[in-house]
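Be aware that the first sequence starts at 221, since it is given in my numbering, and climbs by one per residue. C-beta: ideal position from N, C-alpha, C; glycine also.
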Amino acid sequence: MALTNQEIADIFNNIADMLEIQGENRFKFLSYRRAGETLGELPRDLQAYVDDGTLTDIPGIGKAISDKIKELLETNKLEFYEKLRAQVPESLLEIKAINGVGPKKAKLFWDELGITTVTDLQKAASEGKLRDLAGMGAKSEQKIIDSIQALSRNRGRTPIGNAKQAADAILAELVALPQVEEAVIAGSIRRGRTTIGDVDILAVSDEAEPIMEHFVSMSRVERILGQGPTKSSIELRTGLQVDLRVLPRERFGTALQYFTGSKDHNVKIREIALNKGFSLNEHALRPIDDAGNMLDESHYVYCGTEEDVYEKIGLPWIAPELREDQGEIEAAIEGKLPNLITAEDILSDLHMHTTWSDGTLSIGEMAEAARERGKTHIVITDHSKRSVVANGLDANRLLEQQAEVRAVDAEMGEDFHVLHGVEMDILEDGSMDLPDDVLAQLDFVVASLHFGLTQDRATITMRLLNAINNPHVDCIGHMTGRLIGSRPSADVDFDAVFEAALKTDTVLEINANPARLDLDSQYARRVQQLGIKLAINTDAHSTKMMDMLPYGILTARRAWVEPTHVINTWSFDRLYAWIQSRG
DNA sequence: GCCGTTTTCGGCCCGACTGTTTTCAGTCG
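Listed below in structure tokens is the structure:
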């Protein structure tokens, strides 16, 4: 069994950490870390790039790292890594992951006290053995004790839906303060990442101190990680970290640009700024003269908007969702940024549930709610019978439902249309949960995996291919079945599935539920590149879930998706004509 | 270790906060 991209990515991340602990050249270990981050988000298996001879076309992958990837794929092992592991205990990496402990401290504890595990460190700290080490003291020791306790609260990254909710609540509190002129969410929430490491909030004000004071003393704060005149960090009771930055109005553009990230995007933007004769930070563009000296403050160029920042360095504004150093800067230079899809482009929802299965509203109520949200047409797609706990429909109930759908459609008038479909289970043996003659009577069929998600790749792929090759199936719902943070993706041969979808003109869904966001952006980007149609659906079981559409839009925009590739942007007439043409 | 219409060698973004220091290293983002 070949190593997965993520397993190989993890190895490079570990190598980066180990080299850093060893005190290796900074740019060297950063290269490994960058490679690790990149490999974890590729849309195809690494073996496919090896076969194509395109491995070193991936940014940040040069000769040394590509050779190591090949060695890992061929032998499942890496000599370089094994040697490193013999020198640096791997458990040190868990110590380095403790907030406030970096490579230097981890090495110090190891060298001086022989500490290699978090348990060892906790014991040493509680016994007061750390405070006498060079550069340490009682406060540092206590901080480590607190951070180790926090480890159990803080379980990695937070799904964007949860993080956004927490961020909005804090934002509302801040905006209510008299000193706050404006406050916005920046960071990875603004970029629309599916999971969030920490929440970044930027506030505009000339009077930061009372804002900081309020921020760190909010009732939901578990502990204060740092508090300064312009920047503070807190940890919430949920374990989520929130950073607040306060800057005056005239610096809002540079500050928002800086605070939105990503880090890789910003590094490149700052390099471009340098080439244009400016050193860029969150405060201003600072001119540099021909001798390389920075001019004094009177020459600083302040930017009140992000557009200003990009314009001053010769670029068009780049949408936050694109700022991952995935080619967006090159596209901006060439004037080839995509015309990104927006929520206003979406006219329909092609995947939603009602009280006929596990939804909370009737067909009529869902239709009205969709109309209130600016849609012109929907497809009712309740579960099929295999989903017993969801009260899935058998053929008889499904056809019974059709009468009600037709009635509601008639009631809704000429300017709103309700079509009848189903979200049909793709069964574990690869067969469909409803017979062809029943499917043929429906307007639109979404086929989804709900069970047997841990089957091997060949089986999962066979099931998906059977659905795609069924002439009645129009769309594959939430393809990998993942639930972010709680259930991993099914093991799919994406290349095979994409090839079949293209050939049969089957639509692939971006499910907007923030717990799913499936397809994820790296796959959706490839789907668009291949010319396969996309749908962005809410999979709503209630009106509340209809309002989750923005998460699907964010994911699509991160995938560089343009409205022309998404069938939810089509008018009813166009969609209906396409359905008819499929027979 | 990666990368290149200014370079195949010599660069590789920039700052805030903390705690331990008498001016700065470490950590984080």
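message: Tell me the residue span of the beta strand (DSSP E) that contains P507.
response: Its beta strand (DSSP E) spans residues 505-507.
query: If you run the structure through DSSP and keep just helix, strand and coil, what is R351?
result: coil
- prompt: Quick one: what does DSSP say F479 is sitting in, helix, strand or coil?
  reply: helix
- request: Would you check if the distance between the CB atom of E261 and the CB atom of L560 is smaller than 9 Å?
  value: no
message: Please state the DSSP three-state secondary structure of M644.
response: strand
Closest residue to M766 among V436, E588, L647 (Cα-Cα distance): Out of V436, E588, L647, E588 has the C-alpha closest to the C-alpha of M766.
query: Is it the case that the Cβ atoms of T274 and N382 are separated by a distance below 9 Å?
result: no
task: Look up A386 in the DSSP assignment and give the residues it is bridged to.
output: DSSP, once it has assigned bridges, lists no residue as partnering A386.
query: For S788, which of E719, D740, H597, P655 has the nearest alpha-carbon?
result: Reading off the sequence, residue 788 comes out as Asn, not Ser. Of the listed residues, the one whose Cα sits closest to N788 is H597.
message: For N690, report the span of its beta strand (DSSP E) as first-last.
response: N690 -> no beta strand (DSSP E), and no H or E assigned at all.
task: Return the residue from the list D528, K303, L266, L239 that minimises the CA-CA distance to D287.
output: L266
- prompt: Thinking C-alpha only, which one of H670, I538, P468, E442 is nearest E427?
  reply: P468
- prompt: For L350, which of A326, I538, T480 has the nearest alpha-carbon?
  reply: A326
field: Paired residues, beta bridge with Q461 - DSSP
entry: D418, E455
field: Residue range of the alpha helix (DSSP H) that includes F498
entry: It is not in any alpha helix (DSSP H) - F498 instead sits in the beta strand (DSSP E) that spans 498-500.
task: In angstroms with no decimal places, state the Cα-to-Cα distance between D277 and S346.
output: 50 Å
query: Which residues in the same chain have their Cβ closer than 7 Å to the Cβ of D653, if we skip the five residues on either side of it in sequence?
result: Leaving aside the five residues that flank D653 on each side, the residues in its chain whose CB is nearer than 7 Å to its CB run, in chain order, S604, K605, R606, M644, D645, L647.
task: Verify whether the separation of the beta carbon atoms of L313 and D366 is less than 9 Å.
output: no
- prompt: Sorted by chain position, which residues of the same chain lie with C-beta nearer than 6 Å to L535's C-beta, five sequence neighbours on each side aside?
  reply: A552
Inter-residue Cα distance where the pair is L557 and D629: 40 Å
query: Given that a residue counts as buried once 16 or more other Cβ atoms are within 10 Å of its Cβ, and exposed if not, what is L750?
result: exposed
- request: Express the C-alpha separation of M572 and T580 in angstroms, rounding to a whole number.
  value: 11 Å
task: Return the residue from the list Y252, D649, A306, L293 that minimises the CA-CA distance to A284.
output: Y252
- prompt: Given that a residue counts as buried once 16 or more other Cβ atoms are within 10 Å of its Cβ, and exposed if not, what is H485?
  reply: buried
message: The beta strand (DSSP E) that contains I600, what's its start and end?
response: 597-603
task: Kindly indicate which three-state DSSP category T758 falls into: helix, strand or coil?
output: coil
query: When we look at the beta-carbon of L728 and count the other beta-carbons within 10 Å, is it buried (16 or more) or exposed?
result: buried
field: Sufficient close CB pairs (3 or more, under 8 Å) joining the segment 498-513 to the segment 539-549
entry: no
- prompt: Candidates N733, V270, V747: which alpha carbon is nearest N225's?
  reply: V270
Host beta strand (DSSP E) of S408 (start-end): Looking at the DSSP string, S408 is not in any beta strand (DSSP E); the run it does join, the alpha helix (DSSP H), is 407-411.
Continuous beta strand (DSSP E) assignments of at least 3 residues falling wholly in the segment 670-733: List check, beta strand (DSSP E) in window: 727-731.
- prompt: In the structure shown, what three-state DSSP assignment does V400 receive?
  reply: coil
message: Assuming G628 is part of the alpha helix (DSSP H), what are its boundary residues?
response: It should be pointed out that residue 628 corresponds to Val in this sequence rather than to Gly. Start and end: 615-631.
- prompt: In its own chain, which residues sit with a C-beta less than 6 Å from the C-beta of V466, not counting the 5 before and 5 after it?
  reply: A423, S425, A428, I431, T450
message: Could you check whether the segment 757-774 touches the segment 711-728, counting it as contact only if at least three pairs of C-beta atoms, one from each stretch, sit closer than 8 Å?
response: no
field: alpha helix (DSSP H) runs wholly inside the segment 284-347, at least 4 long, in chain order
entry: 299-307, 312-316, 323-333, 338-346
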